[in-house]
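Read the structure below first, then the notes.
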């Protein structure tokens, strides 16, 4: 099977993450993030039966998301797109899938945290209808032993995305 190239029209599918995917997921995670999750984090999510989905094009892993269901809410724990496939709308595709799944679970809200410095992700979330609702001070590890704030965002389900794109940061 041919490996898809960036900007090529792709036929994609979602596939449940399993233990056999953990090496590929961890490799993508390490490539995409300065402070990546470890393989054990993903394994713990699978063991806890969190919603863990891969976005695949043939045998190529384009991205994934991990979400935890709560009482009438879902918490997005991790969403990542492979660097070769960023800026092509795949994060929005995964957010759409997450929203559909969350609705099906009876959730009323989706929550997430984003690094304060990750303005690109924050803009994607806002375009999807998420609103900034708070800050978790020194939530994420940062370079040189420092900590970075997290922007807390929420999406009320069953509502259309707002056109208000007021910056969070």
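In the numbering used here, the protein residues as written are 364 to 532. Beta carbons: idealized from backbone N, C-alpha and C, even for Gly. Computed from a predicted model, the values in this text were never measured in an experiment.
1) Terminal residues of the continuous beta strand (DSSP E) containing residue 414?
2) What distance in whole Å lies between the Cβ atoms of residue 456 and residue 418, which are believed to be in contact at a cut-off of 8 Å?
3) So, helix, strand or coil for residue 501, using DSSP?
4) Which same chain residues, not among the five before or five after residue 501, have their C-beta less than 6 Å away from its C-beta?
5) Report yes if the C-beta distance between residue 461 and residue 410 is below 7 Å; otherwise report no.
6) Nearest CA to the CA of residue 444: which residue from 465, 379, 396?
7) Can you round the beta-carbon distance between residue 494 and residue 517 to whole angstroms, since I take them to be within the 8 Å contact cut?
8) Buried or exposed for residue 496, please, with buried defined as at least 16 other CB atoms from any protein chain shown within 10 angstroms of its CB.
9) For a quick check, are the C-beta atoms of residue 437 and residue 490 less than 7 Å apart?
10) Using DSSP's beta-bridge definition, name the partner residues of residue 377.
11) For residue 465, report the span of its beta strand (DSSP E) as first-last.
12) Taking residue 415 as the reference, give the member of 424, 428, 401 with the closest Cα.
13) Answer with buried or exposed for residue 450, where buried requires no fewer than 16 other C-beta atoms within 10 angstroms of its C-beta.
14) Could you tell me how far apart the beta carbons of residue 375 and residue 420 are, in whole angstroms, since I believe they sit closer than 8 Å?
15) What residue does the alpha helix (DSSP H) around residue 438 start on, and which one ends it?
16) Starting from residue 475, follow the alpha helix (DSSP H) in both directions and report where the run begins and ends.
17) Let me check understanding here. Comparing Cα to Cα, which of 433, 398, 432, 393 lies closest to residue 446?
18) Could you have a look at residue 495 and say whether DSSP puts it in helix, strand or coil?
Answer, in terms of the structure:
1) Your numbering for residue 414 matches position 51 in the chain shown. That run of the beta strand (DSSP E) goes 414–420.
2) Stepping through the chain shown from its first residue, residue 418 is reached at position 55. Stepping through the chain shown from its first residue, residue 456 is reached at position 93. Contact between residue 418 and residue 456 holds: their C-beta atoms lie close to 7 Å from each other, under 8 Å.
3) Position 138 of the chain shown, counted from the start, is the residue given in the question as residue 501. Looking at residue 501 - three-state DSSP - the assignment turns out to be strand.
4) Here residue 501 refers to the residue found at position 138 of the chain shown. The answer, listed in chain order, is 510.
5) For the purposes of this step, residue 461 is taken as the residue at position 98 of the chain shown. For the purposes of this step, residue 410 is taken as the residue at position 47 of the chain shown. Between residue 461 and residue 410, the gap from beta carbon to beta carbon reaches 7 Å or more.
6) Within the chain shown, the letter at position 81 stands for residue 444. Looking at the Cα atoms, 396 is the closest of the given residues.
7) One-based indexing of the chain shown puts residue 494 at position 131. One-based indexing of the chain shown puts residue 517 at position 154. Confirmed, Cβ separation roughly 6 Å.
8) Within the chain shown, residue 496 is the residue found at index 133, counting from 1. Classification of residue 496: exposed, given that the 10 Å Cβ count is below 16.
9) Counting from 1 along the chain shown, the entry for residue 437 is found at position 74. Counting from 1 along the chain shown, the entry for residue 490 is found at position 127. Their beta carbons are not under 7 Å apart, which means residue 437 does not touch residue 490 by this criterion.
10) The sequence position of residue 377 within the chain shown is 14, counting from 1. In the DSSP output, where bridge partners are listed per residue, residue 377 has 418.
11) Along the chain shown, one-based indexing puts residue 465 at 102. First-last for residue 465: 453–467, but that is the alpha helix (DSSP H), not the beta strand (DSSP E).
12) For the purposes of this step, residue 415 is identified with residue 52 of the chain shown, where counting begins at 1. Among 424, 428, 401, the Cα nearest to that of residue 415 belongs to 428.
13) Position 87 of the chain shown, counted from the first residue, corresponds to residue 450. Counting the other Cβ atoms within 10 Å of the Cβ of residue 450 gives fewer than 16, which makes it exposed.
14) For the purposes of this step, residue 375 is identified with residue 12 of the chain shown, where counting begins at 1. For the purposes of this step, residue 420 is identified with residue 57 of the chain shown, where counting begins at 1. Rounded, the Cβ-Cβ distance is 5 Å, consistent with contact.
15) Numbered from its first residue, the chain shown carries residue 438 at position 75. From DSSP, residue 438 is part of no alpha helix (DSSP H) but of the beta strand (DSSP E) over 436–444.
16) Locating residue 475 in the chain shown gives position 112, where the first residue counts as 1. No alpha helix (DSSP H) contains residue 475, which is instead part of the beta strand (DSSP E) from 472–478.
17) Walking along the chain shown from the start, residue 446 turns up at place 83. The shortest C-alpha separation from residue 446 is found at 393.
18) For the purposes of this step, residue 495 is taken as the residue at position 132 of the chain shown. Three-state result, residue 495: strand.
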